[in-house]
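In what follows, a structure is listed as structure tokens, so that the remarks can point back to it.
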Amino acid sequence: MRPAISPGLAARLAGAGSVVAFTGAGVSAESGVPTFRGTEGIWVKFKPEELAHMGAFMKNPALVWEWYAHRKTIIAGIRPNAGHEALVGMERIIPRFAVITQNIDNLHRRAGSRTVYELHGNIERNYCMDCGKAYGNDLVLSAEGIPGCTQCGGLVRPDVVWFGEMLPADEWDAAVRAAEGADLFLSIGTSALVYPAASLPLIAQQAGAYLVEINPEPTPMTARTDEYLKGPSGTILPMLLAEMERARTER
Ligand code: OAD
């Protein structure tokens with residue numbers, strides 16, 4: 145059964161000056177992107193250390209590229225869902241609104257979200273490991289085998305964060321600032337297991353934010369949240385937006 149949105153939560157959202165939506169793979173599940181850790185998760189079929197790791201790339205760049213080319217093609221063929229779109233609707237209304245995402249699928253920007261901090265990179269971008277030249281997906285998907293840099297001949301890699309790598313510093317710093325300044329923090333479709341990203345809801349809560357989780361399954365964070373809305377984000381987020389709009393007209 146879907147949870148009703150309480151009038152208290154709708155009023156809180158309608159009156160908030162600053163809101164953060166922190167998203168994980170679950171927000172894209174209804175667009176057809178497999179999550180990482182479910183029974184259909186990507187890591188059930190592939191071991192992460194075999195693929196999303198610099199050591200793996202240096203050892204077998206052709207295999208890693210084959211996997212990324214496959215993922216890039218899947219992601220290019222899907223569309224943002226009602227959950228992504230509801231977040232765009234919230235950004236239009238709330239004075240300061242940021243999406244902080246662990247997803248690399250670019251679906252928040254494609255939906256129309258404007259302030260988006262990407263903690264784990266973006267699968268539509270690539271760069272040369274030697275000279276840093278940036279590439280879109282056209283060159284890498286049309287390349288035979290391993291894409292090489294047209295400028296210096298170096299190895300081109302996807303602009304995503306691999307296991308063991310640092311998060312991009314600017315995105316992380318901006319995400320922490322947004323979390324610390326949030327009145328309300330929505331943690332959506334993430335298993336809240338992968339650090340440092342998973343520390344953001346708690347950073348926000350310690351700085352005074354009201355913490356709301358949206359997920360069909362409880363997570364290690366659920367017990368610490370102020371409200372838990374059990375269900376898929378493609379259903380819950382449009383409900384939340386509608387109740388927030390209703391609360392605004394009643395103010
Ligand atoms: P996970 O696959 O770990 O978790 C996905 C979460 O989405 C789970 O808690 C599901 O219950 C939930 N979920 C499934 N369907 C949903 C739906 N329709 N609506 C809302 N929630 C739903 O993915 P992440 O938490 O994003 O990092 O994983 C975090 C990071 O781990 C990824 O960014 C990736 C991976 O290692 C890197 O690649 C660096």
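For reference, each letter of the sequence shown is one residue, going 145 to 395 in the numbering used here. All C-beta atoms, glycine included, are put in the ideal place defined by N, C-alpha and C.
- At least 9 Å separates the beta-carbon of phenylalanine 201 from that of phenylalanine 329.
- Rounded to whole angstroms, the Cβ separation of leucine 385 and glycine 233 is 5 Å, and the two are in contact under 8 Å.
- Taking the C-beta atoms as reference points, glycine 298 is found nearer than 9 Å to cysteine 272.
- Not one heavy atom of the ligand OAD falls within 8 Å of the beta-carbon of leucine 195.
- Residue range 205-220 is occupied by the alpha helix (DSSP H) that includes valine 208, with no beta strand (DSSP E) assigned at that position.
- Just so you know, the alpha carbons of aspartate 327 and proline 239 end up roughly 11 Å apart.
- The beta carbon of tyrosine 354 sits closer than 8 Å to those of Arg156, Asp327, Leu328, Phe329, Asp370 and Glu371, all from its chain and outside the five residues before and after it, given in chain order.
- The alpha carbon of asparagine 270 has as its nearest neighbour, out of Ala213, Ser257, Arg253 and Trp316, the alpha carbon of Ala213.
- Shortest gap from the CB of asparagine 247 to any heavy atom of the ligand OAD: under 8 Å.
- Residue environment: methionine 310 is assigned as exposed (fewer than 16 neighbouring CB atoms within 10 Å of its CB, all protein chains considered).
- In the structure shown, alanine 165 adopts extended strand secondary structure according to DSSP, grouped into three states.
- In this structure, asparagine 225 sits away from serine 150, with a CB-CB distance that is not shorter than 9 Å.
- Note on geometry: alpha-carbon atoms of valine 305 and glycine 265 lie some 6 Å from one another.
- If you look at glutamate 371, you'll find it in the beta strand (DSSP E) that goes 371-374.
- Counting the other CB atoms within 10 Å of its CB gives threonine 245 a total of 16 or more, which places it among the buried residues.
- The Cβ-Cβ distance between glycine 176 and isoleucine 332 does not fall below 9 Å.
- Taking the Cβ of valine 208 as the reference point, every heavy atom of the ligand OAD lies at 8 Å or farther away.
- Contact annotation: alanine 322 and methionine 365 have beta-carbon atoms that are not nearer than 9 Å.
- Between serine 343 and isoleucine 358 the beta-carbon gap is near 19 Å, outside 8 Å, which marks them as no contact.
- Cβ contact annotation for arginine 392 (same chain, cutoff 6 Å, sequence separation greater than five): Ala158, in chain order.
- In the DSSP assignment, serine 331 falls within the beta strand (DSSP E) that extends over 328-332.
- Around the CB of proline 362, fewer than 16 other CB atoms lie within 10 Å, so the residue is classed as exposed.
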